[in-house]
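**Student:**
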Amino acid sequence: MSLHLIQPLDYILIAEDSVVQAKKLQKLLEDYKLNSLVCKNGKEALEQAEKKKPILIISDVVMPVMDGYTLCKNIKSNASLRDTPFMILTSLSDPLDIIKGLQAGADNFLTKPYEEKYLLSRINYLLTNKMIRDTSNVDVNMEIVFQNQKFIINSDKKQILDLLLSVYEAAMVRNSQLQVAQRQLQILNEELKQANSELESFAHAVSHDLKTPLTGIQGIYELFVEEYGNTLDEKAMEYLHWIKVATNNMSDLIKDLLNFSKSSRANLYPEEVHLSQMAEQVIKELRMTNFKANYQIHIQPDIKVYADPSMMRIVLTNLLSNALKYSQKVDNPTIYFGKTSYHGREILYVKDNGAGFSMEKATQLFKPFTRLHSESEFQGTGIGLSTVKRIIDRHNGEIWCESEPGKGAVFYFTLNLDPAHQSDSETTGETPVN
Numbered sequence: 001m002s003l004h005l006i007q008p009l010d011y012i013l014i015a016e017d018s019v020v021q022a023k024k025l026q027k028l029l030e031d032y033k034l035n036s037l038v039c040k041n042g043k044e045a046l047e048q049a050e051k052k053k054p055i056l057i058i059s060d061v062v063m064p065v066m067d068g069y070t071l072c073k074n075i076k077s078n079a080s081l082r083d084t085p086f087m088i089l090t091s092l093s094d095p096l097d098i099i100k101g102l103q104a105g106a107d108n109f110l111t112k113p114y115e116e117k118y119l120l121s122r123i124n125y126l127l128t129n130k131m132i133r134d135t136s137n138v139d140v141n142m143e144i145v146f147q148n149q150k151f152i153i154n155s156d157k158k159q160i161l162d163l164l165l166s167v168y169e170a171a172m173v174r175n176s177q178l179q180v181a182q183r184q185l186q187i188l189n190e191e192l193k194q195a196n197s198e199l200e201s202f203a204h205a206v207s208h209d210l211k212t213p214l215t216g217i218q219g220i221y222e223l224f225v226e227e228y229g230n231t232l233d234e235k236a237m238e239y240l241h242w243i244k245v246a247t248n249n250m251s252d253l254i255k256d257l258l259n260f261s262k263s264s265r266a267n268l269y270p271e272e273v274h275l276s277q278m279a280e281q282v283i284k285e286l287r288m289t290n291f292k293a294n295y296q297i298h299i300q301p302d303i304k305v306y307a308d309p310s311m312m313r314i315v316l317t318n319l320l321s322n323a324l325k326y327s328q329k330v331d332n333p334t335i336y337f338g339k340t341s342y343h344g345r346e347i348l349y350v351k352d353n354g355a356g357f358s359m360e361k362a363t364q365l366f367k368p369f370t371r372l373h374s375e376s377e378f379q380g381t382g383i384g385l386s387t388v389k390r391i392i393d394r395h396n397g398e399i400w401c402e403s404e405p406g407k408g409a410v411f412y413f414t415l416n417l418d419p420a421h422q423s424d425s426e427t428t429g430e431t432p433v434n
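Per our numbering, the sequence shown starts with residue 1, numbered consecutively.
#1: In this structure, how does DSSP classify Y295 when only helix, strand and coil are distinguished?
#2: Classify P85 as buried or exposed, calling it buried when 16 or more other Cβ atoms lie within 10 Å of its own Cβ.
#3: Hey, out of Q103, T387, A79, F411, whose CA is closest to I347's CA?
#4: If I follow the unbroken beta strand (DSSP E) through I440, where does it start and stop?
#5: Helix, strand or coil: which one does DSSP assign to T231?
#6: List the whole-angstrom C-beta distance separating R313 from V282, where the pair is believed to meet the contact cut-off of C-beta under 8 Å.
#7: DSSP on S376, reduced to helix/strand/coil?
#8: So does Q184 have its beta carbon nearer than 7 Å to some heavy atom of the ligand GDP?
#9: Do you know offhand how far E280's Cα is from L320's?
#10: How about the region 14-23 and the region 59-79: do they share at least three Cβ pairs that are nearer than 8 Å?
#11: What residue from Q179, D233, R394, L365 has the CA that sits closest to Y269's CA?
#12: What is the DSSP secondary structure of T90, counted as helix, strand or coil?
#13: According to DSSP, is F366 part of a helix, a strand, or is it coil?
#14: Are the CB atoms of M87 and D107 nearer to each other than 8 Å?
#15: Could you spell out the range, first to last residue, of the beta strand (DSSP E) harbouring Y349?
#16: Helix, strand or coil for Y221 per DSSP?
#17: Quick check: the Cα distance between L188 and G338, rounded to an integer number of angstroms?
#18: Rounded to the nearest angstrom, what separates G344 and P309 at their Cα positions?
#19: Our contact map puts K112 next to T90 with C-beta atoms below 8 Å; I'd like the distance itself, whole angstroms only.
#20: Output the distance between the C-alpha atoms of V145 and D83, rounded to the nearest integer angstrom.
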């Protein structure tokens with residue numbers, strides 16, 4: 001029997017508890033002039049099959065009252081129904097699904113989600129080969145061991161072969177789909193990589209080209225103030241002040257863009273880096289240029305890592321300048337740089353007691369040009385933390401943060417330290433992170 005030999009009163013029995021899935025399957029069969037009847041569980045399907053024998057049963061596995069495997073066993077143990085082809089709908093997420101299908105005596109698997117043409121080809125195959133199975137229906141009692149469990153398979157050889165072939169075919173279809181998806185993903189990744197490279201090259205070129213004329217503007221400004229500053233009134237000096245602020249902001253932006261480009265373009269030259277000494281130098285430079293508040297600075301001594309020193313200076317400069325900047329408006333601003341450990345993993349941190357931020361916005365922090373505070377509150381380019389993340393990523397590390405509005409922030413980061421330079425990861429020094 002094949003699709004074109006189906007009689008008007010013949011029908012396919014569907015056992016499916018999902019109304020949506022049942023309607024979808026029933027509509028598909030109706031489009032090809034195939035009658036069907038839906039039962040919402042295995043018990044109802046068995047009763048219906050005993051009333052009127054279907055030409056095929058398509059059953060879901062997970063159903064109330066009676067599941068698909070139990071329904072199949074009951075059908076195959078019924079002398080008048082055992083020759084009815086039985087197709088199981090499954091995701092094939094577990095190899096035991098195949099064993100259970102063999103145990104139950106199923107004739108075929110149909111993986112979800114299924115394609116229309118594939119379903120119809122399976123139905124046609126089962127109905128066409130029904131007579132062959134009828135004439136060679138010899139039971140085989142086969143014992144197999146899988147995952148240290150014994151299973152008895154009571155099915156004829158043709159039935160077992162059909163079932164395994166349907167599993168193999170489904171696996172081949174999935175593998176083909178996966179290969180197509182992987183190729184598409186590879187193409188998209190290459191396009192994204194190319195776009196990022198072009199963007200970084202553009203940012204580097206623009207920043208470098210702007211740096212020279214900006215240096216000239218700043219030099220002319222200094223000469224103008226030196227020679228004519230005493231002759232200018234208060235209003236003119238205010239204008240000059242804002243020129244200086246604007247050029248300084250522009251200089252910071254160019255520097256950050258160059259660092260951002262460098263963070264992914266420059267080669268790494270790792271060596272032992274004394275981070276504690278570097279942090280002290282960075283703090284000293286920052287306080288001489290920008291931050292005049294009476295800070296309490298706590299730097300844990302003797303922190304050494306295996307990393308690129310120029311990249312580590314960029315990391316510390318960004319994290320420490322942020323800590324200084326966002327704590328400068330609080331009473332007793334306090335900054336910590338140190339290390340701690342968690343499950344044997346060494347973790348470095350920069351902590352402050354400044355403005356803080358909501359953790360709901362934390363996922364945005366490491367994206368370029370992202371700011372959590374307005375320019376009027378705190379100045380910045382929004383590039384620093386994205387540069388830091390790139391550098392940490394290139395050192396096979398991680399960076400994350402903890403914060404609360406008005407209660408400061410802690411930025412943690414790890415590096416893929418060379419084993420010869422790792423310590424016992426115990427916290428020593430000034431102050432642990434609370």
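Positions of the beta carbon are idealized from the N, C-alpha and C atoms, including for glycine.
**Tutor:** On the basis of the supplied data:
#1: Coil, per DSSP.
#2: Residue environment: P85 is assigned as buried (16 or more neighbouring CB atoms within 10 Å of its CB, all protein chains considered).
#3: Of the listed residues, the one whose Cα sits closest to I347 is F411.
#4: Because the chain here runs from 1 to 434, residue 440 falls outside it and cannot be looked at.
#5: Assignment of T231 by DSSP, reduced to helix, strand and coil, places it in the helix class.
#6: Confirmed, Cβ separation roughly 7 Å.
#7: With a pLDDT of 46 at S376, under the threshold of 50, the modelled position of that residue is not reliable, and the figure given next carries that caveat. Coil at S376, not helix or strand.
#8: The model on display carries no ligand, and the ligand GDP is accordingly not part of it.
#9: Using only the alpha carbons, I get a separation of about 10 Å.
#10: Short answer: they touch.
#11: Comparing C-alpha distances from Y269 to each of Q179, D233, R394, L365 shows the shortest one belongs to R394.
#12: In the structure shown, the three-state DSSP call for T90 is strand.
#13: Shown here, F366 sits in coil according to DSSP, grouped into three states, outside any helix or strand.
#14: Less than 8 Å separates the beta-carbon of M87 from that of D107.
#15: Boundaries of the beta strand (DSSP E) harbouring Y349: 345-352, taken from the DSSP string.
#16: For Y221, the three-state secondary structure derived from DSSP is helix.
#17: In a straight line, the C-alpha of L188 is about 40 Å away from that of G338.
#18: Using only the alpha carbons, I get a separation of about 24 Å.
#19: Yes, they are in contact, since the Cβ atoms of K112 and T90 sit about 7 Å apart, within 8 Å.
#20: Only weak support exists for where V145 lies, its pLDDT of 43 falling under 50; the value from the coordinates is given anyway. Spanning the two alpha carbons is a distance of roughly 27 Å.
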